[in-house]
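Colleague: Residue 376 in UniProt numbering is what sits at position 376 of the sequence shown, and the numbering runs on without skipping anything.
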Amino acid sequence: MVPGALSEQSAYLLALLLNALHGLIFFYERDYQELNVDGLFGNGGLSAEIVDDIKNLSSYAGRLANKALPHVFERDPAYFNKFKYLIHRPYDVTHGHRLTDSRLQWADAVLNSNAAKKPFTERQSDKCFAELLGSAAEPIRQSTACNASTPCLDYMLGRRGLTQYKLTHQVLYMAIAEVTDCTPTVEKFMASQGSSVEKFVLEWCSNVVREINLLEQSNSHLVGLSFMLKDLLMEQVFTCGQFGFVEVARTNLLTAFLSWQDPQLGCFRKSDSAAPDAAKFGGRKILSELVAKDSCSSHAAAVGAGAITTMLRFLLDPGPGHLSHLRMDAQRMIQRKIPAEGVFRVYDYTKWISFDDFMGEPPPIHYGRDFQAFLTDTENETSGERNN
């Protein structure tokens, strides 16, 4: 349920989120010929002004995605065709609000098991994602039949104890299975493992949240993080946020994400020189990566857009009171400086505190064609840095 009115702090948060999305649009507009990703923007509803602004963002992002597609294809036709299915279909993975379960977090014995240490390579993972989406020989998959093979299902979903990008990509694989009509096939496989899709998502996202918690425990203000950790953190928030897990909607996380956005360029800059070993496909991202001459990271822009939109979803639709994390501690946001605040779009957010023009229950937030590039690109930088 979307509240009929926002507190002053929540209205301020909303203005910051929309400004950040405008910043990413600015970045994509400037560099769309050189990037191979585009943002994702949700669609929610509150006041007419907010509705119009979000719709305009989504519409404009879609037009930029269309302009970028020829350049993406020229850069890597084979890889583009492998993932073309996502570009021509809506990506809609939005689940109801829920909590993870700390009892499902893996013990050290699982994390250090032989199964967890077995190679999880870029080559095989890429093959399984491409298989799920349809072969390169079918540029636009016409059939609704699921192409997921048992070996790939076992490779991507059959192992506990993976961490970081490997872990998020297991969850992303499940999300793409949902988009590609493969849920029945995956459900059958999970049943053979004594589990289910819902149990898998709950257990794996419980461990994603565990990693976020551990990072916060060691660095509560999330300052001085390596670029890889920033990128990973934003991917973690998006990956499990799309499945409705409200623990990722934390004001300190959102504050950190917004503080990382470059106020001149609108992107997330790869300003530190992380050693290649730190970014191996422990590691590899499903999306190909380009780092422009100004150090803007295409992958970070994509996962940043996903994470910010996830926060937007939970702010506009906080769910039942006992599950609302972002709204409850919104006041903490004001205590941290956001360099890009008000740079890309200035809002008189005080007008949103009382919604005389409230439009009632909004349509479900969904991810449109402008999101597809998030799942089609970000492999190139990481394929160089994150090969196993």
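The C-beta atom is built at its ideal place from N, Cα and C for all residues, glycine as well.
For A177 and L258, which I take to be in contact (beta-carbon distance under 8 angstroms), what is that distance rounded to the nearest angstrom?
Modeller: Along the sequence shown, one-based indexing puts residue 177 at 177. Along the sequence shown, one-based indexing puts residue 258 at 258. At roughly 32 angstroms, the Cβ-Cβ gap does not stay under 8 angstroms, so A177 and L258 are not in contact.
Colleague: Mind reading off the beta-carbon distance from residue 391 to E187? Whole number of angstroms is fine, and I expect it under 8 angstroms.
Modeller: Outside the displayed range of the chain (1 to 388) lies residue 391, so it cannot be described from this structure.
Colleague: Just reading off the alpha helix (DSSP H) that Q170 is part of, what are its end residues?
Modeller: Here residue 170 refers to the residue found at position 170 of the sequence shown. It spans 164-179 - the alpha helix (DSSP H) in which Q170 sits, taken as one unbroken run.
Colleague: Measuring CB to CB, does L202 end up less than 8 angstroms from L111?
Modeller: For the purposes of this step, residue 202 is taken as residue 202 along the sequence shown, with counting starting at 1. For the purposes of this step, residue 111 is taken as residue 111 along the sequence shown, with counting starting at 1. For L202 and L111, no; Cβs fall outside 8 angstroms.
Colleague: Does DSSP put residue 408 in a helix, in a strand, or in coil?
Modeller: Residue 408 is absent from the structure shown; the chain starts at 1 and stops at 388.
Colleague: In the DSSP assignment, what are the bridge partners of F268?
Modeller: Counting from 1 along the sequence shown, the entry for residue 268 is found at position 268. In the DSSP output, where bridge partners are listed per residue, F268 has Q261.
Colleague: Y155 and C182 - do their beta-carbons sit closer together than 8 angstroms?
Modeller: Here residue 182 refers to the residue found at position 182 when the sequence shown is read from its first residue. Here residue 155 refers to the residue found at position 155 when the sequence shown is read from its first residue. Contact: no.
Colleague: Counting C-beta neighbours from all protein chains within 10 Å, is the total for G241 16 or more, i.e. buried, or is it exposed?
Modeller: Position 241 of the sequence shown holds residue 241. Its Cβ being crowded by 16 or more others within 10 Å, G241 is buried.
Colleague: Can you grab the Cα-Cα spacing for the pair L17 / N114, in whole Å?
Modeller: Within the sequence shown, numbered from 1, the residue matching residue 17 stands at position 17. Within the sequence shown, numbered from 1, the residue matching residue 114 stands at position 114. Whole-angstrom Cα-Cα distance: 42 angstroms.
Colleague: Give the straight-line distance between the Cα atoms of P184 and T121, rounded to the nearest whole angstrom.
Modeller: Here residue 184 refers to the residue found at position 184 of the sequence shown. Here residue 121 refers to the residue found at position 121 of the sequence shown. One C-alpha to the other measures close to 26 angstroms.
Colleague: Terminal residues of the continuous alpha helix (DSSP H) containing F129?
Modeller: If you number the sequence shown from 1, residue 129 lands on position 129. Element bounds for F129: 122-133.
Colleague: Between F268 and A301, is the Cβ-Cβ spacing less than 8 angstroms?
Modeller: For the purposes of this step, residue 268 is identified with residue 268 of the sequence shown, where counting begins at 1. For the purposes of this step, residue 301 is identified with residue 301 of the sequence shown, where counting begins at 1. Yes, Cβ-Cβ distance for F268 and A301 is below 8 angstroms.
Colleague: Starting from E341, trace the alpha helix (DSSP H) in both directions and tell me its first and last residue.
Modeller: Sequence index remark: in the sequence shown, residue 341 carries index 341 (1-based). Note, E341: premise wrong, no alpha helix (DSSP H); not H, not E.
Colleague: So which of L253, S10, R30 has the shortest CA-CA distance to S298?
Modeller: If you number the sequence shown from 1, residue 298 lands on position 298. Nearest of L253, S10, R30 to S298, Cα basis: R30.
Colleague: With 16 other CB atoms within 10 Å as the buried threshold, where does L35 fall?
Modeller: Residue numbering aside, residue 35 sits at position 35 when the sequence shown is read from its first letter. Confidence at L35 is low in this model, with a pLDDT of 45, below 50, so the placement of that residue should be treated as unreliable; the coordinate-derived value is given next. Buried: at least 16 other Cβ atoms inside 10 Å.
Colleague: Can you tell me whether C146 is helix, strand or coil according to DSSP?
Modeller: Along the sequence shown, read from residue 1 onward, the residue named residue 146 stands at position 146. Assigned with DSSP and collapsed to three states, C146 falls in coil, not helix or strand.
Colleague: Could you spell out the range, first to last residue, of the alpha helix (DSSP H) harbouring G304?
Modeller: Working through the sequence shown from its first residue, we reach residue 304 at position 304. G304 -> alpha helix (DSSP H) spans 298-316.
Colleague: Could you check where the alpha helix (DSSP H) with P184 kicks off and where it finishes?
Modeller: On the sequence shown, residue 184 is found 184 positions in, with the first residue counted as 1. Note, P184: alpha helix (DSSP H), 183-192.
Colleague: Quick check on R159: does DSSP put it in helix, strand or coil?
Modeller: Here residue 159 refers to the residue found at position 159 when the sequence shown is read from its first residue. Residue state, collapsed to three classes: coil.
Colleague: Does the Cβ of G304 have 16 or more other Cβ atoms within 10 Å, making it buried, or fewer, making it exposed?
Modeller: By 1-based counting over the sequence shown, the position of residue 304 is 304. Buried.
Colleague: For a quick check, are the C-beta atoms of S206 and D108 less than 8 angstroms apart?
Modeller: By one-based count along the sequence shown, residue 206 stands at place 206. By one-based count along the sequence shown, residue 108 stands at place 108. Contact: no.
Colleague: In the DSSP assignment, what are the bridge partners of R98?
Modeller: Indexing the sequence shown from 1 puts residue 98 at position 98. BP columns for R98 point to F245.
Colleague: Report buried or exposed for D348, applying the criterion of at least 16 other Cβ atoms within 10 angstroms of its Cβ.
Modeller: Your numbering for residue 348 matches position 348 in the sequence shown. That one is exposed.
Colleague: In three-state DSSP terms, what is D154?
Modeller: Numbered from its first residue, the sequence shown carries residue 154 at position 154. In the structure shown, D154 sits in a helix (DSSP, three-state: H, G or I).
Colleague: Beta-carbon within less than 8 angstroms of Y211's beta-carbon, same chain only, minus the 5 sequence neighbours each way: which residues are those?
Modeller: What you label residue 211 is simply residue 211 of the sequence shown in a count that begins at 1. Position check: residue 211 holds Glu in this sequence, whereas Tyr was assumed. Excluding sequence neighbours, E211 sits near T163, Q164, L167, Q236.
Colleague: Express the C-alpha separation of L214 and G23 in angstroms, rounding to a whole number.
Modeller: One-based indexing of the sequence shown puts residue 23 at position 23. One-based indexing of the sequence shown puts residue 214 at position 214. So the two alpha carbons sit approximately 30 angstroms from each other.
Colleague: In three-state terms, what does DSSP make of N219?
Modeller: Start at 1 with the first residue of the sequence shown, and residue 219 comes out as number 219. DSSP places N219 in coil when its eight states are reduced to three.
Colleague: Report yes if the C-beta of Q193 is less than 7 angstroms from at least one heavy atom of the ligand HEM; otherwise report no.
Modeller: Looking at this structure, you won't find the ligand HEM or any other ligand, since it has none at all.
Colleague: Spatial neighbours of K337 within its chain, please: C-beta separation below 8 angstroms, excluding the five flanking residues on both sides.
Modeller: Start at 1 with the first residue of the sequence shown, and residue 337 comes out as number 337. The residues are S259.
Colleague: At what residues does the alpha helix (DSSP H) containing K351 begin and finish?
Modeller: By 1-based counting over the sequence shown, the position of residue 351 is 351. Run containing K351: none; DSSP gives neither H nor E here.
Colleague: From L265 to D294, what does the alpha carbon distance come to, in whole angstroms?
Modeller: Position 265 of the sequence shown holds residue 265. Position 294 of the sequence shown holds residue 294. Each residue's Cα considered, the two are about 9 angstroms apart.
Colleague: Verify whether the separation of the beta carbon atoms of K270 and F238 is less than 8 angstroms.
Modeller: Counting from 1 along the sequence shown, the entry for residue 270 is found at position 270. Counting from 1 along the sequence shown, the entry for residue 238 is found at position 238. No, they are not a contact pair.
Colleague: Can you round the beta-carbon distance between V248 and G319 to whole angstroms, since I take them to be within the 8 angstroms contact cut?
Modeller: Here the question's residue 248 lines up with position 248 in the sequence shown. Here the question's residue 319 lines up with position 319 in the sequence shown. Wrong, their Cβ atoms sit about 13 angstroms apart, outside the cutoff.
Colleague: So R159 and W106 are supposed to be a Cβ contact under 8 angstroms. How far apart are they, rounded?
Modeller: Within the sequence shown, residue 159 is the residue found at index 159, counting from 1. Within the sequence shown, residue 106 is the residue found at index 106, counting from 1. Not a contact, Cβ separation roughly 11 angstroms.
Colleague: How about L14 and W352: do their beta carbons lie closer than 8 angstroms?
Modeller: Position 14 of the sequence shown holds residue 14. Position 352 of the sequence shown holds residue 352. Yes, they are a contact pair.
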